[in-house]
Amino acid sequence: MTIEQQMKIISRGVEEIIPEEDLIKKLKRSEKTGKPLRIKYGIDPTGYDVHIGHLVPIRKMREFEDLGHTGVIIIGDYTAQIGDPTGRDDSRPPLTADQVKANAERYMEQLYMVLDPAKTEVRYQSEWFGPMGMSEVLKLMGKFTLAQFMAHDTFRKRYEAGLPLGMHEIMYPILQGFDSVAIQSDVELGATEQKFNILTGRDMQRIFNQEEQIALLSPILMGTDGKEKMSKSLNNYIAVFDPPQEKYGKVMSIPDNIIINYFNYATRLAIEEIEEIQKKLNAGENPKFSKQRLAREIVALYHGEQAGIDADEEFNRIFSQKEIPTDIPDYRCSESPIKIIKLLTITGLCQSSSEAKRMLQQNAVTIDGEKISDMEAMIDIKQDFILKVGKRRFMRIVHETNNLQKS
RNA sequence: GGUGGGGUUCCCGAGUGGUCAAAGGGAACAGACUGUAAAUCUGUCGGCGGACGCCUUCGGAGGUUCAAAUCCUCCCCCCACCA
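Going by this note's numbering, 1477 is the number at position 295 of the first sequence; the sequence numbering is gapless.
Encoded structure:
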């Protein structure tokens, strides 16, 4: 494959490559020497729930791996103690080594849905920060000035807004930067908000007389609310662990105006094809169709083609045709007759009886499609029936004895 | 160390003795509508009891009062300025 073709793959859906010429040089050299490039990406093992926004750079790493390069995932067991200042809030409680390890393992489990394990290295920061002494730390700190770091938006904004900013947080870019030295990184991947940290890695490598890494910055994936970046704390994310139907539904809930954005960054559709979709949307085609296509693609990316198709059918069944889902959990109930409010709470469909009452008042409760609004209703469970709350909560109620007869 | 300003329900944020389960916004949930779990509109949004009642909540612990998120004491945490 020519360098131009490789660059086309690498730069698809990438916002910025700093500096681009040097990446081309590195690629050429690697091709000549047969020595793979080392592609770095760091994670903080503070949790393990990965969402598809995290995977934008990870999918990029996979593309590098497919081109013969080596992915290096850094488990940030030291930076995790700081918490990325680019995130909004407060300091985090330190994790134990066991928690870090457990989180890292679950994290990797999800990343391997995308990455090739044979071409991926996993490294812990503690490998190099563990043995490091205070004098070395001071030396590293001495290479940078406070003004440099305060020029960074996230530090400055927090400072100016009068929010707490710990001394250790300022160390974050220094640690992340040193990682690049430790693993001799050629390219570091990250979202655009990581620009400062990744560039600090270049500075650090220069200080240590290493060739500087390339910063390859991916756009930040918008959350399902279409307003803020996808993040767990804002609860606008699609998790890798979400079951297919859930992923599908969440995609369907994004605002229409970010459909193309998602096609670009959350799928691997060819650019030409995305342009086609854009044209149709401009021509006034019902965005529902594009959005369903998008949802199907995203589900397929993680669960396979068939799962995408199934999710699609299921969605149409439940929401367009208002039928019941194929798979409904059973609840075996031995009490009959039973008060409707009690039934709603013991099945877990409502969290409290207050909520159950609200649902009843709001005409949200049906039994086999018939609305129940009487709070005092007593329900006879002679035959199985479908209890539904709102649009999405279903439960099949089975009388205990019925169930025994069947089995 | 000094001075001043803060810590409120999932989040932001109003509230300075009773009319406060606590304004407003966001999130979430429900209904209508629709093309979708989009948008829009309406409603709900601590818990328990069939509303009126009761219980729990306003950084923590005590106290004053018939009555406290609101006043007092001590403590913990955050911010700014001065050193």
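Just so you know, even glycine gets a beta-carbon here, dropped at the ideal spot from N, CA and C.
For the beta strand (DSSP E) containing residue i, name the first residue and the last one.
i, result
"residue 1447", "Counting along the chain, residue 1447 falls outside any beta strand (DSSP E), though it belongs to the alpha helix (DSSP H) covering 1441-1448."
"residue 1362", "Taken as a continuous stretch (DSSP letters only), residue 1362 belongs to no beta strand (DSSP E), being part of the alpha helix (DSSP H) at 1354-1365."
"residue 1539", "That residue, residue 1539, is in no beta strand (DSSP E); its alpha helix (DSSP H) goes 1535-1543."
"residue 1303", "1302-1306"
"residue 1223", "1220-1225"
"residue 1324", "Counting along the chain, residue 1324 falls outside any beta strand (DSSP E), though it belongs to the alpha helix (DSSP H) covering 1316-1324."
"residue 1459", "Taken as a continuous stretch (DSSP letters only), residue 1459 belongs to no beta strand (DSSP E), being part of the alpha helix (DSSP H) at 1453-1464."
"residue 1228", "No beta strand (DSSP E) holds residue 1228; DSSP gives it neither H nor E."
Closest to residue i by CA distance: which of the options is it?
i, options, result
"residue 1240", "1547, 1551 and 1398", "1398"
"residue 1388", "1367, 1374 and 1245", "1367"
"residue 1203", "1185, 1194 and 1216", "1185"
"residue 1439", "1407, 1524 and 1358", "1407"
"residue 1577", "1555, 1235, 1333 and 1514", "1514"
"residue 1226", "1247, 1256 and 1220", "1256"
"residue 1371", "1525, 1571 and 1252", "1252"
"residue 1194", "1401, 1211, 1552 and 1361", "1401"
"residue 1522", "1442, 1499 and 1558", "1558"
"residue 1319", "1353, 1295 and 1288", "1353"
"residue 1539", "1188, 1550, 1465 and 1524", "1524"
"residue 1254", "1298, 1228 and 1238", "1298"
"residue 1231", "1324, 1492, 1417 and 1506", "1417"
"residue 1384", "1466, 1415, 1403 and 1361", "1361"
Using 10 angstroms around the beta-carbon of residue i, count the other beta-carbons present and answer buried if the total reaches 16, otherwise exposed.
i, result
"residue 1312", "exposed"
"residue 1270", "In this prediction, residue 1270 has a pLDDT of 37, which is less than 50 and means its spatial position is unreliable; nothing more can be read from the coordinates."
"residue 1350", "exposed"
"residue 1541", "buried"
"residue 1214", "exposed"
"residue 1180", "There is simply no residue 1180 to check, as the chain begins at 1183 and stops at 1589 in what is shown."
"residue 1519", "exposed"
"residue 1285", "buried"
"residue 1556", "exposed"
"residue 1242", "buried"
"residue 1328", "exposed"
"residue 1317", "exposed"
"residue 1278", "exposed"
For the alpha helix (DSSP H) that residue i lies in, which residues bound it at each end?
i, result
"residue 1574", "Residue 1574 -> no alpha helix (DSSP H), and no H or E assigned at all."
"residue 1244", "1237-1248"
"residue 1527", "1522-1528"
"residue 1478", "1469-1485"
"residue 1288", "1279-1293"
"residue 1147", "Absent from the model: residue 1147. The displayed extent of the chain is 1183 to 1589, so no value can be given."
"residue 1191", "1185-1193"
"residue 1436", "From DSSP, residue 1436 is part of no alpha helix (DSSP H); its letter is neither H nor E."
Could you name the residues that DSSP lists as bridge partners for residue i?
i, result
"residue 1399", "1198 and 1372"
"residue 1580", "1514"
"residue 1337", "DSSP lists no partner for residue 1337."
"residue 1377", "Answer is none; residue 1377 lacks a bridge partner."
"residue 1254", "1222 and 1303"
"residue 1567", "1579"
Worksheet item: Between the stretch 1454-1464 and the stretch 1422-1430, do three or more beta carbon pairs fall short of 8 angstroms?
Response: Result no; under three Cβ-Cβ pairs closer than 8 angstroms.
Worksheet item: Between the stretch 1427-1447 and the stretch 1470-1479, are three or more C-beta pairs nearer than 8 angstroms?
Response: With contact defined as three or more Cβ pairs closer than 8 angstroms, the stretch 1427-1447 and the stretch 1470-1479 are in contact.
Item to complete: Kindly confirm or deny that the stretch 1512-1528 and the stretch 1559-1576 touch, where touching means at least three C-beta pairs closer than 8 angstroms.
Response: Yes: the two stretches touch, three or more of their Cβ pairs being nearer than 8 angstroms.
Discussion item. Under 8 angstroms: do the stretch 1218-1237 and the stretch 1371-1382 share three or more Cβ pairs, one atom per stretch?
Written reply: Yes: at least three Cβ pairs fall under 8 angstroms.
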